[in-house]
Amino acid sequence: MIKDPDQIVSRFGSILFDTIKRRLNIEDKIWVDNIEALRKDLSKDKSEVIITDFGAGDSKSNRSDSEMHIGQVGRSTIAEISTASKSPFWSLLLYKIISEFKPKTALELGTCLGISSSYQAAALTIYSSGKLLTMEGSSSLVEKSRENFTYLGLLNIEVIEGRFSDNLHKVLDDNQPIDYVFIDGHHDQNATINYFEIILPYLSEQSIIIFDDISWSKGMKTAWKRIVGNHNTKLNFDLKEIGVCFLDKQRLKKRTIKI
Ligand SMILES: C[S@@+](CC[C@H](N)C(=O)[O-])C[C@H]1O[C@@H](n2cnc3c(N)ncnc32)[C@H](O)[C@@H]1O
Numbered sequence: 003m004i005k006d007p008d009q010i011v012s013r014f015g016s017i018l019f020d021t022i023k024r025r026l027n028i029e030d031k032i033w034v035d036n037i038e039a040l041r042k043d044l045s046k047d048k049s050e051v052i053i054t055d056f057g058a059g060d061s062k063s064n065r066s067d068s069e070m071h072i073g074q075v076g077r078s079t080i081a082e083i084s085t086a087s088k089s090p091f092w093s094l095l096l097y098k099i100i101s102e103f104k105p106k107t108a109l110e111l112g113t114c115l116g117i118s119s120s121y122q123a124a125a126l127t128i129y130s131s132g133k134l135l136t137m138e139g140s141s142s143l144v145e146k147s148r149e150n151f152t153y154l155g156l157l158n159i160e161v162i163e164g165r166f167s168d169n170l171h172k173v174l175d176d177n178q179p180i181d182y183v184f185i186d187g188h189h190d191q192n193a194t195i196n197y198f199e200i201i202l203p204y205l206s207e208q209s210i211i212i213f214d215d216i217s218w219s220k221g222m223k224t225a226w227k228r229i230v231g232n233h234n235t236k237l238n239f240d241l242k243e244i245g246v247c248f249l250d251k252q253r254l255k256k257r258t259i260k261i
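Quick note: to get the working numbering, add 2 to the position in the sequence shown (first position is 1).
This is the structure we're talking about:
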C-alpha cells in the first residue's frame, strides 16, 4: 500500500505503518503521554455520574427510535464509562490522519470523556491550527469532558451539548465547510446513514469521514455498505473496526481497500 501509485493510498499506508510502529516525534509524544496518563486516571475513578444515553446501547439492545430519542438514564462510574473510549491504537490513528491531512475544521459525534477528542484536537493544534467541534448528549459527560480538556490545556475544542439530531444542522450551518468528521456514537443503521447524508452537503472539496464500529452489528455492517456504495465516497478503507472514507469531488474512480 505504501508504494501504491495513488498518493492518498500510499499516504494512508504510511500513516497505518507509523501508527502500528507508534512512531512519534517529541511533541507528539508529550501530547500522547499526557492523554494516556489522563485515561489511566479516569480508568481508576470510581465516582458515579448519571448519564443519559441517546445511543443504540449494545449490539443486541434493539432499541426503538423512540427509546433512543427519549434516552436511557442510568448511573455509572467514570471508570466504567472510560472503557467506551477509543483504544490508544485507534486514537493514535485518528491523530496521525489529522497530522497528515491537516483538516482545519473537524467534527466529532460522540465526545464521552473526551479521549478521542483530545487526540484529534492535539493533532489539530500542532499540525493545522484547526479546531474540533464535538457533540455529546449526556450533560454529565459534557461537563467531565470540558474539565478534561482544560486539564490537558486544549483550547481548540467546542463541546456541543444535546442530541445529535437536535444540533447537527446548526453546527454544520455555522461551521461549514467541514474537512474531517469522526462518527463515534449512536451506532444504529438508519441513524448512521442519516447523519452521513445530513453531513455530505457541508463537506469541503476534499474531506475525510470516519465511522467507528462498522462491524459492530448487522445494522452497522449494512450502513457501512451503503456509505461505501455512495458515489461521493471515492476512496474507502475498511479496517474492520473503523471505516475511513476520502471524498474528493474531482476524483473519478471509486476504490475500496479492505485491510
Ligand atoms: C462510544 S462513546 C464516544 C467515545 C469517544 N469518542 C472516545 O473515543 O473517547 C459515544 C458517545 O456518544 C454519545 N451519544 C450516543 N448517541 C448520541 C446521540 N444520539 N446524541 C448525542 N450523543 C450521543 C454517548 O452519550 C457517548 O458518550
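For each residue, glycine too, the CB sits at the ideal point set by N, CA and C.
From S119 to R77, what does the alpha carbon distance come to, in whole angstroms? 23 Å
Which one of T113, N232, S68 has the shortest CA to CA distance from S84? T113
How far does the beta strand (DSSP E) with F248 in it extend, from its first residue to its last? 244-250
Quick check on E149: buried or exposed, where buried means 16 or more other Cβ atoms within 10 Å of its Cβ? In this structure E149 is exposed. Its beta-carbon is surrounded by fewer than 16 other beta-carbon atoms within 10 angstroms.
For a test of your reading of the model: does the CB of K88 fall under 7 Å from any non-hydrogen atom of ligand 1? Yes or no. yes
Cβ-based burial, Q122 [other Cβ within 10 Å; buried from 16]: buried
I want to check one thing, is the minimum distance from the CB of D55 to the heavy atoms of ligand 1 below 7 Å? yes
Suppose contacts are defined by Cβ-Cβ distances below 8 Å. Is A124 in contact with W33 by that definition? yes
In terms of residue numbering, what span does the beta strand (DSSP E) encompassing K236 cover? First-last of the beta strand (DSSP E) with K236: 235-240.
Please return the same chain residues whose Cβ sits closer than 7 Å to the Cβ of S209, not counting the five positions on each side in sequence. I180, D181, Y182, L249
According to DSSP, which residues form a beta bridge with S209? Answer is L249, bridged to S209.
Grab the span of the beta strand (DSSP E) containing K42 for me, first residue to last. K42 -> not in any beta strand (DSSP E); alpha helix (DSSP H) instead, spanning 28-45.
Taking the alpha helix (DSSP H) that D168 belongs to, which residues open and close that run? 166-177
In three-state DSSP terms, what is K223? helix
Going along the chain, which unbroken runs of the beta strand (DSSP E) with 3 or more residues stay wholly within the stretch 69-127? 74-79, 107-111
Use the C-beta contact count for K146: other C-beta atoms within 10 angstroms, 16 or more gives buried, fewer gives exposed. buried
At which residues does the alpha helix (DSSP H) containing Y153 begin and terminate? 141-154
Is the number of C-beta pairs between the stretch 200-220 and the stretch 165-178 that are closer than 8 Å three or more? yes
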